[in-house]
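Here the sequence shown is numbered in UniProt numbering, starting from 1 and rising by one per residue. The C-beta atom is built at its ideal place from N, Cα and C for all residues, glycine as well. Heads up, the thing below is written out as structure tokens.
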Amino acid sequence: MPQFIERPVVVEAAGNKPKQIEEFVGRVNTGDDAISIARMVSPGGWVEPAQTPDFRETTVVLKGTLQVETREGMFEVKTGQGIILEPGEWVRYSTPGAEGAEYIAVCTPAFSPDTVHRDEAS
């Protein structure tokens with residue numbers, strides 16, 4: 001049976017500046033623990049604490065540039081591009097450019113504050 005999602009739920013974000021997270025599917029909006037799908041809008045100069053999540057995160061940038069720092073290097077993910085990070089990979093997301101970024105994040109299993117494992121020192 002189809003499950004219509006009338007609107008996303010805004011959830012609290014981590015980082016040095018306000019970032020908008022609209023969860024369409026996930027633990028908060030639909031009670032789904034297998035997958036989360038959220039639209040993110042990050043302002044220019046935003047930086048999130050580093051994390052080593054237990055979930056796979058697939059990100060597609062709709063507008064702007066998302067900077068993705070990993071142990072393997074720095075990636076500039078621009079409009080129309082995407083990146084996939086596997087569970088257990090250390091990562092820090094940011095939007096250092098003035099325009100910020102708008103992007104979709106898909107996490108499997110669904111995002112959870114208990115499984116993101118943020119670095120306290122970053």
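Over the uninterrupted alpha helix (DSSP H) stretch that includes residue i, give me the two end residues.
i, result
"Thr115", "113–116"
Using three-state DSSP, classify residue i as helix, strand or coil.
i, result
"Met40", "strand"
"Glu57", "strand"
"Gly73", "strand"
"Glu102", "strand"
DSSP puts residue i in a beta bridge; with which residues?
i, result
"Lys78", "Thr65"
"Gln51", "Val91, Arg118"
What does the alpha-carbon distance come out to for the pair residue i and residue j?
i, j, result
"His69", "Pro43", "A small correction: the amino acid at residue 69 is Glu; His does not occupy that position in the sequence shown. Whole-angstrom Cα-Cα distance: 17 Å."
"Thr30", "Gly73", "35 Å"
"Pro96", "Ala34", "31 Å"
"Ala13", "Gln81", "23 Å"
"Leu66", "Thr115", "22 Å"
"Trp90", "Pro113", "16 Å"
"Glu6", "Lys19", "22 Å"
Ordered along the chain, which non-local residues of its own chain (more than five positions away) have a Cβ less than 7 Å from that of residue i?
i, result
"Gly64", "Thr79, Thr95, Gly97, Glu99, Gly100, Ala101, Glu102"
Just curious, the beta strand (DSSP E) that residue i is in, first and last residue?
i, result
"Val28", "Premise fails: Val28 is in no beta strand (DSSP E) and is neither H nor E."
Can you give me the Cβ contacts of residue i inside the same chain, cut-off strictly under 8 Å, excluding the 5 residues immediately before and after it?
i, result
"His117", "Gln51, Thr52, Pro53, Asp54"
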